[in-house]
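First comes the structure, then the notes that go with it.
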Ligand code: T4K
């Protein structure tokens with residue numbers, strides 16, 4: 543599988559089939575099919591079925607929280623949690639996150655106020671949060687980017703000083719810890735994503751976890767139209783429920799959790815080794831003293847020190863069928879509707895602007911073997927060793943086709 547010359551320079555692509563970032567990891571197929579057969583036999587397909595209940599109690603035990611409410615996806619989970627906490631006016635969050643975090647606020651006519659990031663962790667910078675607080679601010683929505691937990695102590699300190707509520711988008715952070723405490727127990731509540739591309743997959747799904755009894759009661763009503771029993775609606779609600787088939791997938795994924803972490807960790811090490819020592823190229827580090835799911839192989843490309851910039855490396859990899867991604871470029875503040883609603887937001891986000899242009903994510907998980915990771919590193923090394931040739935080849939690819947020679951009298 544040795545591959546030295548990059549495809550942008552005319553060689554054949556290293557991989558015939560695309561290598562995706564976010565290729566789902568699958569647990570034991572037979573176990574999943576057995577669970578699906580059982581649920582079909584029971585004819586209990588949704589609405590608080592036995593698999594959803596089992597899934598919720600396993601998640602709560604693993605995370606160490608009192609309540610887990612399984613939900614249809616994390617975006618709806620964020621919307622429910624924001625509403626259940628009574629947030630309004632303005633809520634501060636990082637711009638460097640998946641767009642769903644901001645949309646969950648804007649959807650409810652709450653203004654997302656974008657804070658800058660800490661370049662060392664890619665998480666929101668607590669000092670930047672404090673500078674953005676106004677009389678309209680009601681809460682802080684932290685995001686545990688790449689499963690490395692936010693500085694929860696500093697964020698919650700800011701919140702205490704200004705009487706704000708705190709919740710966390712923990713979409714990336716299932717199975718991750720900070721100072722030995724698992725993601726899920728911080729703030730008023732935390733929201734996990736169990737989307738197909740996430741470390742733990744339910745096909746589509748998520749969970750809201752909390753230690754607050756009253757909040758959990760409210761959220762249970764809100765995710766099921768406000769029903770408190772047959773024919774008894776006592777609250778405003780939506781349909782945020784998880785189905786039994788999604789819980790079957792989630793339970794099966796939970797059974798394989800340690801195996802998937804081991805694969806991700808092996809790949810992360812292979813990438814770190816393979817890209818080690820390259821000027822301007824660094825693969826982010828996970829603290830070995832904490833728990834992490836190693837779901838993201840995040841490469842930072844410093845354009846002042848590396849021979850090629852991030853976009854050039856992405857183009858090199860795409861030519862090989864390695865579909866590296868630029869998460870979360872260009873930052874929420876540069877996407878609609880925020881770009882139009884808050885045209886000056888970038889002025890307060892210099893670190894986000896700089897770092898978002900440097901990040902590329904490489905494929906990992908079950909679809910990537912150690913050898914595949916090594917080939918990807920070899921390609922990157924080979925491209926970085928001949929930057930002039932690579933740039934020239936990329937420029938030729940991007941150049942508009944030469945105008946066809948049309949006889950003068952044929953032009954209108
Ligand atoms: N907060 C944060 C911080 C998040 O990252 C997310 C989701 C959320 C909140 C909201 O959670 P959910 O409401 O989704 O539960 C993907 C996911 O759709 C999204 O869940 C995820 N973050 C985000 C980071 O990535 P895209 O637009 O990148 O998806 P897409 O379709 O390009 O898929 C990624 C790659 O995975 C593709 O190249 C193909 C591959 N793939 C995907 C699926 C779904 C497969 O090979 N098989 C599949 O089944 O958003």
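Numbering (this note's numbering), first residue to last: 543 to 954. Glycine included, every Cβ here is placed at the ideal spot set by N, Cα and C.
DSSP places residue 748 in the uninterrupted beta strand (DSSP E) bounded by 748-752. Separation of residue 581 and residue 881 (C-alpha to C-alpha, rounded to the nearest whole angstrom) is 46 Å. Per the DSSP secondary-structure output, residue 656 pairs in a beta bridge with 635. Contact check for residue 718 against residue 689 passes: the beta carbons are separated by less than 7 Å. Residue 711 has 685 and 733 as its beta-bridge partners, per DSSP. Remark: the C-beta of residue 782 is outside contact range of the ligand T4K, defined as less than 6 Å to any heavy atom. Secondary structure remark: continuous alpha helix (DSSP H) runs of at least 4 residues inside the segment 897-933, in chain order: 912-927. A direct Cα-to-Cα measurement between residue 888 and residue 899 gives close to 13 Å. In its chain, beyond the 5 residues on either side, 906, 910 and 915 have a beta carbon closer than 6 Å to the beta carbon of residue 809. Rounded to whole angstroms, the gap between the alpha carbons of residue 640 and residue 625 is 20 Å. The shortest C-alpha to C-alpha distance from residue 553 to any of 562, 859 and 896 is the one to 859. Of all C-beta pairs linking the segment 690-709 to the segment 726-739, three or more are shorter than 8 Å, placing the two stretches in contact. Of all C-beta pairs linking the segment 783-796 to the segment 814-823, fewer than three are shorter than 8 Å, placing the two stretches out of contact. As a beta-bridge residue in DSSP terms, residue 561 pairs with 864. The closest heavy atom of the ligand T4K lies 6 Å or more from the beta carbon of residue 558. Partner residues in a beta bridge of residue 938, as assigned by DSSP, do not exist.
Not one heavy atom of the ligand T4K is found less than 6 Å from the C-beta of residue 809. Take the alpha-carbon of residue 796 and the one of residue 837: they are about 15 Å apart. CA-to-CA, the gap between residue 917 and residue 804 works out to about 20 Å.
Counting every other CB atom within 10 Å of its CB across the protein chains shown gives residue 776 a total below 16, marking it as exposed. Note on geometry: alpha-carbon atoms of residue 883 and residue 548 lie some 42 Å from one another. Within a 10 Å sphere around the beta-carbon of residue 599 sit fewer than 16 other beta-carbons, which makes this residue exposed. The C-beta distance from residue 724 to residue 897 rounds to 27 Å, too long to meet the 8 Å contact threshold.
Taken in chain order, the complete beta strand (DSSP E) segments of 3 residues or longer contained in the segment 798-882 are 823-825 and 839-843. Per DSSP, reduced to three states, the secondary structure at residue 769 is strand. As the crow flies, the alpha-carbon of residue 759 is around 14 Å from that of residue 749.
For residue 704, the enclosing alpha helix (DSSP H) has its first and last residue at 694-704.
DSSP places residue 610 within a strand segment (E or B) once states are collapsed to three.
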